[in-house]
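All remarks here apply to the structure that follows.
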Amino acid sequence: MSEAPVRIYHNGRCSKSRAACQLIAEKGVTAEIVDYLATPPNREELRALLRMLGMRPGELVRRGEAVFKEHYAGRSLSDEEWLDALVAHPILIERPIVVRGERAVLGRPPEKVLELL
């Protein structure tokens, strides 16, 4: 088992994010919790997260958010344009994202975080 620290990009209002935090705590792991709405990842941090997740920017977008519906629904954006959108509107970032070392998972469902523990 890896001893690398765990970081979770978290939104306390999200039940999936809270459930992921609870699973991590139940395993006795202390995680650095990043409220990504208060301190959003910058463009390069997003690129690094996407690399670790094996995802493209458009795959990390929450399509149910009002901002998406108002500004992006029905549009075809490039990876760079999606990165612009995620930086401008961090609420669009799917959550929770859990990172340990050079690996990351999207905690949907929350049990996915167990892969890193």
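Residue numbering for the sequence shown follows this note's numbering, starting at 2 and increasing by one per position.
Where a beta carbon is used, it is the ideal one built from N, C-alpha and C, also for glycine.
As the structure is a prediction and not an experimental result, all values here were calculated from the model.
>> According to DSSP, simplified to helix, strand and coil, what is Met2?
In response: Here the question's residue 2 lines up with position 1 in the sequence shown. Annotation note: pLDDT 46 at Met2 (below 50); position unreliable, coordinate value reported separately. Three-state DSSP puts Met2 in coil, outside helix and strand.
> Arg44 and Leu84: beta carbons closer than 8 angstroms?
Replying inline: Taking the sequence shown and counting its residues from 1, one reaches residue 44 at position 43. Taking the sequence shown and counting its residues from 1, one reaches residue 84 at position 83. Against a cut-off of 8 angstroms, the Cβ pair of Leu84 and Arg44 comes out as a contact.
>> From the DSSP secondary-structure annotation, give me the bridge partner or partners of Val114.
In response: Indexing the sequence shown from 1 puts residue 114 at position 113. DSSP, once it has assigned bridges, lists no residue as partnering Val114.
>> Would Ala39 and Ile9 qualify as a contact pair, given that the criterion is a beta-carbon distance under 8 angstroms?
In response: Counting from 1 along the sequence shown, the entry for residue 39 is found at position 38. Counting from 1 along the sequence shown, the entry for residue 9 is found at position 8. No, they are not a contact pair.
> From which residue to which residue does the beta strand (DSSP E) around Ala32 run?
Replying inline: Residue mapping note: residue 32 aligns to position 31 of the sequence shown, counting from 1. Ala32 -> beta strand (DSSP E) spans 32-36.
>> Please report the straight-line C-alpha distance between Ser79 and Glu112, rounded to a whole angstrom.
In response: Position 78 of the sequence shown, counted from the start, is the residue given in the question as residue 79. Position 111 of the sequence shown, counted from the start, is the residue given in the question as residue 112. Cα to Cα, Ser79 sits roughly 31 angstroms from Glu112.
>> Short of 8 angstroms in beta carbon distance, which residues of its chain neighbour Gly13, apart from the five on each side in sequence? Order them along the chain.
In response: Walking along the sequence shown from the start, residue 13 turns up at place 12. Contacts found: Arg19, Asp36.
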